[in-house]
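Going down the list, the sequences are from chains U and H. With numbering that gives the first Met the number 0 applied, the first sequence covers 0 to 738. With numbering that gives the first Met the number 0 applied, the second sequence covers 0 to 197. Each residue gets a CB set at the ideal place from its N, CA and C atoms; glycine is no exception. Note that the structure is predicted; figures quoted are calculated from it, not measured. The structure appears right after this line, and notes come after that.
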Amino acid sequence: MSWLGSLAIYIALYVAIVGIALGAVAAITQSRRFLHAARFATYTVFGSITVASVVLVHAFLTHDFSIKYVAGFSDHTMPTFYLLGAFWGGQAGSLLFWIWKVVLFTAICVYVNRRSYQDFMPWVMSVCMTVTAALLLILVFGSNPFEGYQLIDDPTVGQGLNPLLQTPKMILHPPALLTGMASMTIPFAFAIAALLSGNLSNTWVKAARTWILIPWLFLTVGNILGGMWAYEELGWGGYWAWDPVENASFLPWLTATALIHSLLIQERRGMLKRWNVGLMIATFLLTLFGTYITRSGLIESVHSFAQSEIGPYFLTLLITFAVSSIALFIWRWKDLKADQRLDSPVSREAAFIFNNWMFLSMTAVVLFGTLWPRIREALTGSEIAMGPQWFNRWMIPMGLLLLLMMGVGTIIAWRKANWKNFQRNFVIPIAASIVLTPLSLVAYWFGRGQHLGVIPDEVQALYAITAILLCYFVGATIVQEFYRGMSARRRAHDESWTESFVRLCLKQKRRYGGYIVHLGIVFAFLAFAGNAMKIEKDISLKLGESVTIGDYTLTYNGLHDQHYRERIMYTATMPVERNGRHLFNMNPGRAVYHTTQEMPISEIDIRSTPMEDLYVALVNFDPSGETAAFKVFVGPFTWFFWFGGVILILGTLICLWPTRESIDSLRPGSSGLGRAAVFGMLTALTFSPIVIWTAESHTDWGSAARYSLISQAESEALPPPLPTSLEIGEHYAIDDEGV
Amino acid sequence: MTVVLLVVSIAFTLAMLVQILLPFSVSREEQLSFELLDEELRQIEILVNRKVALVQTLRDLEYDWETDKISEKDYQRFKRSCERQAVAIMRRLDAIHGGRDWQNDIDRAIDERVASNLFVSEESPSPELGESADDHDGTDDALVCANCATPLEDDDLFCGKCGTPVASAEDQDLPDERPPLSDFDPLTNTSSPSEITG
């Protein structure tokens, strides 16, 4: 079957190149024949890449190890779930998946806009096909996923997927991020189409505002799931460690967020035209840059499993797109003159511009922190590390400023703010934050904080208190906006509070969806503030020994092991008590895979509540099981980070909520079913992180104990070389197993 | 399952491939039919998009003004500007719909009525007098169907033979959207049809 996959890729590449020409001719000559042909060229490329993708999935499911990629990333023991995940588990497959997403979104965009944006669509198709053809060239010449062995060399077993990737979140995290990066092609194509066609009115802004929310949503979901994976699998005790590859996906998220705000200013006031085109180009280039640094091995990272030899190809692609986009931008520079100027520095426009500068500054800091160690090493030969502390020193104050501007930008007047505006819009939020911050700090300290026994240092405390103060301020501005909007509706339409809330969100989706997104950010900042009270301990316990961390008492009750075909799972049992009362048992574990014995994987157990997370990782253990070392964290308010993520996604979905017209554009008369389908899919996507998180936190599925829940058939099928479990205190010579 | 998906995606790809070639492989007449650019649809799409954007802007403006995020002066200025743009767009949309250009017809008709009104006021002091004079003259034009020339009674609304509305004989040059003119003023009956509609 691999020949079919290769053939499909070659056809796709050929048709994509033809599609570029067809689109360009259609744009220049306004020929409908060429437009028709270009449109169907995009559909053909989509069909071809789908054929290639299905061939690869089929090869994984049927264990066709004659294909190198399948043999390299799967084996007979992997369940179907992970076999599907192996599709994007390696370099070539993830690139194929990326291309599939680019052509999928291109096909959707072309179909939905088959009767609109007539000036732009031929160019949009051309640009999208150019991106597709460039990526396909890398796929064909750099890393073909259908490359096979010589018949005689076919392996009979596969090497299996990297054990780190064998968690449910890793099946969702890479495709979400790849989707976000791939779909960024569409708004970029609209910007380039505007430059190429010379139609620099607000039309591209309108299209871009809709299409950029999709990559933004997927980048957000991808980053949150990535944070969850790091939190649960890597044993950092945190969800963000400023790892270079985390940064790589964070950079386009920052610029895309800035762009979403600045596009609003252009739409309303005709300002920032150059800024927006520049930011759009930068955002797209950052997605390519992120891919380059992840796959080239330029930067050392936890994502080193994604490295390959195609770095130079991506660098060429990045430089080509950068040079051509910037040249085009310079060519249209004069035509992109703003219609209006800033009237006053105390206005909403100014607040948005300031917030854009803050986003750009954060982007610059993250970019510098990511690249400087490598640049310095190349220049001087000396290695330096830019750790989380360096990033936090810059990012925390900038983040707090941004939070402040988020509140101010919501309520300040357009054009020029005056005293009346201040009185009406600022007084309540300021009063609320001044009153509620000390009250809640005192309540937390006496209710919970003092029992943790942590005294944060001055700087941490200052940041945490400022964050709480600003959270209240921004929260109050949002509540005030909703209250006023709902009151106005109730006066005008005689509606109930619930009805007016729903209708308000539906009537002004972008405005109120945006406010809900802001609310999600507020919850995330609450989680950041909680880090001031975080406890981190490395402990070593003997069998039966207890330790008290915060007010939790953890007792080590021994290890037991379970043997599976591909791994041995060592699981510790730790009852947790508070003030002598048993709360729950925790089961941190460590998995040793037969294929990668030098790299044991932590199976961290976390009990998560809104108040705090208790996080236990098994770091090491004595071969006899008599002693074991653990890493324990108590993280106040961490739960709010995930909760804020869900609120943020929910707000984005409200902004993206399909209108009757947009559903009709899919197929006339499909309103009810289409809406239900779109709504269903988006809701499932929104709540997937928190559902997974809650399920894993409160059941054995989140700890090493989940392996005992997996079908016993697998372990029963094995010959019994060893006892399947060790009783407490029973000695077990791990060395005998060669571990 | 994957085999079924594979077959479906191959069939889809081939069908789309045929569609790429279709505009270039058909007869010359059919090729030309592809080139019939529906300029009106394109214009309508652009105008409707602008109208929707303006309506949204107006809604936002209203909200910002209610919550003191914009001054009264700016609100009025922006609102007027948006309304002017919206009216201009709607006029252009109306002009495109069916290509009837009825806006100009109305303007022209109004001008002529005003002119005829002046003329009547100068010539005959009271409309009632004019009306009775016309009746007295017994002009036959109004009593014959404009379509089939069948003689009509005074109180006929439609032609008994072909069904043509009697009024259409008077306003045959007017566009379909004529509510503003239908009961415009009693002078209608005082002048000949050609004087009214031009």
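- Across the segment 46-58 of chain H, CB contacts with chain U closer than 8 Å involve Asn48, Ala52, Thr56 and Arg58, in sequence order along the chain.
- In summary, U/Asn420 is buried, with 16 or more beta-carbon neighbours lying within 10 Å of its beta-carbon over all protein chains present.
- Look at the segment 58-75 of chain H: the residues with a C-beta under 8 Å from a C-beta of chain U are Arg58, Asp59, Tyr62, Asp63, Glu65, Thr66, Asp67, Lys68, Ile69, Ser70 and Asp73.
- Between the segment 73-86 of chain H and the segment 418-433 of chain U, the count of C-beta pairs closer than 8 Å stays below three; the two stretches do not touch.
- Contact of H/Pro22 with chain U by beta-carbon distance below 7 Å involves Arg32, His35 and Ala36.
- For U/Leu60, the chain H residues whose Cβ falls inside 8 Å of its Cβ are Thr1, in order along the chain.
- Under the 8 Å criterion on CB atoms, U/Tyr471 is classed as non-interfacial with respect to chain H.
- Spatial neighbours of U/Ala36 in its own chain (CB-CB distance under 6 Å, excluding positions within 5 residues in sequence) are listed in chain order as Leu21.
- Nearest neighbour of U/Ala247 by Cα position, chosen from U/Phe367, U/Lys336 and U/Ala337, turns out to be U/Phe367.
- Between U/Ala526 and U/Gly446, the C-beta gap is not smaller than 8 Å, which leaves the two residues out of contact.
- When beta bridges are read from the DSSP output, U/Gln561 appears opposite U/Met568.
- The beta-carbon of U/Thr43 is placed less than 8 Å from the nearest beta-carbon of chain H.
- The three-state secondary structure of U/Thr554, taken from DSSP, is strand.
- Here U/Val101 is near U/Val130, since their CB atoms are less than 8 Å apart.
- The straight-line gap separating the alpha-carbon atoms of H/Leu60 and U/Ile191 is approximately 31 Å.
- Not flagged as an interface residue toward chain H: U/Thr476, since no C-beta distance is shorter than 8 Å.
- For U/Thr49, the neighbours in chain H by C-beta distance under 7 Å run, in chain order, Ser8.
- Taken atom to atom, the span from the alpha-carbon of U/His172 to that of U/Ser623 is near 37 Å.
- Annotation: U/Ala460 to U/Ala531 spans about 6 Å, alpha carbon to alpha carbon.
- Under the Cβ distance rule, H/Ile95 does not count among the residues neighbouring chain U, no pair being separated by less than 8 Å.
- According to DSSP, U/Val631 shares a beta bridge with U/Lys536 and U/Val615.
- Taking CB atoms only, H/Leu92 has no neighbour in chain U less than 8 Å away.
- The beta carbon of U/Leu400 is closer than 7 Å to those of Met357 in its chain, skipping five residues each way along the sequence.
- For U/Thr547, there is no enclosing alpha helix (DSSP H); the enclosing beta strand (DSSP E) has its first and last residue at Ser545 to Ile548.
- The Cβ-Cβ distance between U/Val204 and U/Asn275 falls below 8 Å.
- For U/His57, the nearest CB of chain H lies under 8 Å from its own CB, placing it at the interface with that chain.
- Taken through DSSP and simplified to helix, strand or coil, U/Ile66 comes out as strand.
- Within the segment 181-192 of chain U, no residue has a Cβ lying closer than 9 Å to any Cβ of chain H.
- In the three-state reduction of the DSSP assignment, H/Thr149 falls in the coil class, being assigned neither a helical nor a strand state.
- Spanning the alpha carbons of U/Leu136 and U/Leu94 requires a straight line of approximately 11 Å.
- In the DSSP annotation of this structure, U/Tyr592 is not part of any alpha helix (DSSP H); the continuous beta strand (DSSP E) holding it starts and ends at Gly588 to Tyr592.
- For H/Glu44, the nearest CB of chain U lies under 8 Å from its own CB, placing it at the interface with that chain.
- Proximity of the segment 494-503 of chain U to the segment 635-642 of chain U falls short of the contact definition, fewer than three beta-carbon pairs being nearer than 8 Å.
- With fewer than three CB-CB distances shorter than 8 Å, the segment 230-246 of chain U does not count as touching the segment 183-203 of chain U.
- Cβ atoms of U/Val44 and U/Ala15 come within 8 Å of each other, at about 5 Å.
- Within the same chain, Cβ atoms closer than 7 Å to the Cβ of H/Gln30 are found at Pro22, the five residues on either side in sequence being excluded.
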